[in-house]
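Enquirer:
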Amino acid sequence: MLAIEQFTCLSDNFGVLIHDSETGRTASVDAPEADPIVAVLEAKGWTLTDIMTTHHHHDHTAGNLALKKRFGCHIVGPQAEADRIPGIDRTLAEGDVFDFGAYGFRVIGTPGHTAGHIVYHSPEATVLFAGDTLFSLGCGRLFERGPAEMWSALRKLKALPPDTQLYCGHEYTLSNARFALSVDPDNDALIARTAEVELLRQSGRPTLPVLLSGELATNPFLRPDDPAIRRTLGMESETDEAVFAEIRARKDRF
8 MLAIEQFTCL SDNFGVLIHD SETGRTASVD APEADPIVAV LEAKGWTLTD IMTTHHHHDH
68 TAGNLALKKR FGCHIVGPQA EADRIPGIDR TLAEGDVFDF GAYGFRVIGT PGHTAGHIVY
128 HSPEATVLFA GDTLFSLGCG RLFERGPAEM WSALRKLKAL PPDTQLYCGH EYTLSNARFA
188 LSVDPDNDAL IARTAEVELL RQSGRPTLPV LLSGELATNP FLRPDDPAIR RTLGMESETD
248 EAVFAEIRAR KDRF
């Protein structure tokens, strides 16, 4: 089985290590900072062999060079951002597969948060490493591309199997929940998820991973076609893309 370890880096980033026991390979999904990653590697007795980069932002790549110097690990990342990924060895684009032991991670292009953002989906492990494209109850800010591109990206992720475990780049779920209720106040599943998230954060526990099925029922950024959300926004006759754009704009002002 694929072993997955999630832990905190920086102030609110998630670090994630994956380990294939048959081959001994260990990958870090992004590298927010080196020291916490090294600490978990040492605690588990693992040696870092790969870094799977989702996008170029410094809080996802700051540990690349230090980790590469220490372990000689192989760094992969988005083709469209190769010149901004420290230490990159191989570029990946939509449709490529990153082979990791018995698991294949299919690369999905998700421009929006950045121009070349990619995510990694393994059907065998039923896991999605979404970086800053999709968060629990939220999605990434649109820094380098617009709503049309991000909505297109999210539609790809919506189509993945509902039993997929979602891992994201940040612990943003509580603030996302408070916003989500402002556009979808009568959603019983969202109300229950918000209560769960509040308890988890009060006890210092992470709100991730989460099943994609739960996000499909609660995340407003995946549900611009929902009649209740459309009524709340007064956008019953608008396109899904227009409703998504309005939800994203409201979150930016929230």
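To get the working numbering, take the position in the sequence shown, counting from 1, and add 7. By construction, the Cβ of each residue, glycine as well, lies at the ideal position given by its N, Cα and C atoms. Keep in mind it's a predicted model, so treat the numbers as computed, not measured.
1) Let me make sure I understand the geometry here. Which of His62, Leu17, Val250, Ala10 has the alpha-carbon closest to that of Ala132?
2) Applying the criterion that 16 or more other CB atoms from any shown protein chain within 10 Å of the CB defines a buried residue, is Lys76 buried or exposed?
3) Could you give the DSSP three-state label for Ala100: helix, strand or coil?
4) Pull the bridge partners of Gly22 from the DSSP assignment, please.
5) Assign Phe251 to one of two classes, buried (16 or more other C-beta atoms within 10 Å of its C-beta) or exposed (fewer than that).
6) With respect to 6 Å, is the separation between the Cβ of Leu188 and the closest non-hydrogen atom of the ligand FAD below this value?
7) Take every Cβ of the stretch 20-33, pair it with every Cβ of the stretch 87-100, and state whether three or more of those distances are shorter than 8 Å.
8) Identify the continuous alpha helix (DSSP H) that holds Ser35 and give its terminal residues.
9) Going by beta carbon distance, what residues of the same chain come within less than 7 Å of Cys80, once the five residues before and after it are set aside?
10) From the DSSP secondary-structure annotation, give me the bridge partner or partners of Met242.
11) Can you tell me the Cβ-Cβ gap for Thr98 and His120, rounded? I've got them flagged as a contact below 8 Å.
12) For His63 and Ile92, what's the separation of their Cα atoms in angstroms?
13) Under 8 Å by Cβ, that's how I've got Ile44 and Ala50 pegged, so tell me the actual separation to the nearest angstrom.
14) Considering only the beta carbon of each residue, do Phe186 and Phe261 sit closer than 7 Å?
Expert: Judging by the given coordinates:
1) Nearest Cα to Ala132 within the set His62, Leu17, Val250, Ala10: Ala10.
2) The residue is exposed, with fewer than 16 neighbouring Cβ atoms inside 10 Å.
3) Here Ala100 sits in coil by DSSP.
4) Per DSSP, Phe14.
5) With 16 or more Cβ atoms within 10 Å of its Cβ, Phe251 is classed as buried.
6) The ligand FAD is not among the ligands present in this structure, which contains no ligands whatsoever.
7) Here the stretch 20-33 makes no contact with the stretch 87-100; the two share fewer than three CB pairs at distances below 8 Å.
8) Counted as a single uninterrupted DSSP element, the stretch harbouring Ser35 is not any alpha helix (DSSP H) but the beta strand (DSSP E) occupying residues 33-36.
9) Excluding positions up to five away in sequence, the list reads Leu55, Thr56, Asp57, Ile58, Leu74.
10) Note: Met242 sits in no beta bridge, so no partner.
11) Wrong, their Cβ atoms sit about 18 Å apart, outside the cutoff.
12) Approximately 5 Å, taken between the alpha carbons.
13) Not really, about 11 Å apart at Cβ, beyond 8 Å.
14) Closer than 7 Å, so yes.
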